[in-house]
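The opening position of the sequence shown corresponds to residue 111 in the numbering used here, with each subsequent residue numbered one higher. Backbone N, C-alpha and C define an ideal beta-carbon position, used for all residues, glycine too. Everything numeric in this text was worked out from a predicted model, so none of it was measured.
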Amino acid sequence: WYFNGSWRFFDEPNNNFIQYYWPHSGTLDFFAYMPYKDSPRNKNISIRSYSPKSSTLSSKLGLACSMQEEIDLEDSEGQETIIAFTPNKSKNDGVVNMYFVHPFAAVYFKLKQAHRDLTINWIRFDNVYLKGTTTLTTQTDTDTNINWTPEEGEGLKSFKVNVIKIIPDDINFGGEIGGPYLVMPQSFRNGDVTITISYTWDDGIDDNGVNDGVNPEVFTRSITTSSVTGWTAGNKYTYILDLGDNKEEILFKVEVEPWIQTGEKNIIDVE
């Protein structure tokens, strides 16, 4: 806990602050993360393995992640996750600096334009990995980029965001649809990752091709993300949805930017 101007160890179940002391010899490794293990918030990271420093090997902290397969637009549980690792410190150091980094990437959705009274039902990423592992061996700092390896035997999955919002009543042109939603950083395989959107709209045409003006239909359209080669830890990916001028076409533009704003945005068109 950050308390009275300093960080202190806190035993929440017993409502007690704890004083820890340096050992007379040897070193300690420090790992900090949020949300903490007993938090009611959604948790994506778990500790897989740990081995302290030896005479020949550095400390190793193995982590595993398990991302959500489906989530509602309003993320009431929260997903924000940050971690910090500082190994090999002794009483001679006195102070332990912890540099927190984002181990995941985040995706957002915004609306450029769409038909009036159209309902966006859901948006889904297909052919992505949701489970992976990584190992920390050095202190996290400004250059740290957490790379995840898909968990062995774990195949490609889908990640779905339920929207159920009407345009323009719930979402207006240029408005945010939702986010952030955390995703496991990964390289896309051969451009196989697709974005699929399901929406309901009255195109005015019934099943016999007659314009009746009262015939809402559910449309599902998919596009590949070949221009986006993957997700990188610590980056935000804003997918800007353009449903175009007809029911047959959807377009996305993707803006990529770091969580900590530096430099200009990298804008990629995905069609």
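Please confirm whether L361 has its beta-carbon closer than 7 Å to some beta-carbon of chain D. Here there is only one protein chain, and chain D is not present.
Can you give the Cα-Cα distance for F235 and S308, rounded to whole angstroms? 12 Å
Contact between the segment 164-179 and the segment 188-201 (3+ Cβ pairs under 8 Å): yes
If I follow the unbroken beta strand (DSSP E) through D148, where does it start and stop? It is not in any beta strand (DSSP E) - D148 carries neither H nor E in the DSSP assignment.
Could you give the DSSP three-state label for S296: helix, strand or coil? Looking at the sequence shown, residue 296 is not Ser but Gln. Q296 falls in the strand class under three-state DSSP.
Distance CB(T348)-CB(S332) smaller than 7 Å: no
Under 7 Å between C-beta atoms of W311 and V273: no
Is the beta carbon of V238 less than 7 Å from the beta carbon of V303? yes
Does the segment 206-223 come into contact with the segment 145-153, if we say contact requires no fewer than three beta-carbon pairs (one atom in each stretch) closer than 8 Å? no
CA-to-CA distance, D185 to E264, given in whole angstroms: So the alpha carbons of these two residues sit roughly 26 Å apart.
On the premise that W258 lies in contact with V293, defined as a C-beta separation below 8 Å, what is that separation, rounded to the nearest angstrom? No, V293 and W258 are not in contact; Cβ-Cβ is about 10 Å, not under 8 Å.
Collapsed DSSP secondary structure at D139 in the structure displayed: strand
Is A216 helix, strand or coil by DSSP? strand
If I follow the unbroken beta strand (DSSP E) through F269, where does it start and stop? F269: member of the beta strand (DSSP E) spanning 267-277, first to last residue.
Taking a contact to mean a Cβ-Cβ separation below 7 Å, would you say Y209 touches T247 in this structure? no
Which of helix, strand or coil does DSSP assign to A224? coil
Tell me the rounded alpha-carbon separation between E381 and L361. For E381, the pLDDT reaches just 41, beneath the cut-off of 50, and the residue's location in the model is therefore unreliable, although a value from the coordinates is still provided. When rounded, the distance between both Cα atoms is 5 Å.
Under 7 Å between C-beta atoms of Q201 and L138: A small fix is needed here, since residue 201 is Lys in this sequence, not Gln. No, Cβ-Cβ distance for K201 and L138 is not below 7 Å.
Inter-residue spacing [alpha-carbon to alpha-carbon] between V211 and N154: Taking the straight line joining both Cα atoms gives about 15 Å.
Residue range of the unbroken beta strand (DSSP E) whose run includes G172: 170-176
Segment limits, beta strand (DSSP E) that includes A194: 192-199
Under 7 Å between the Cβ atoms of L228 and I277? yes
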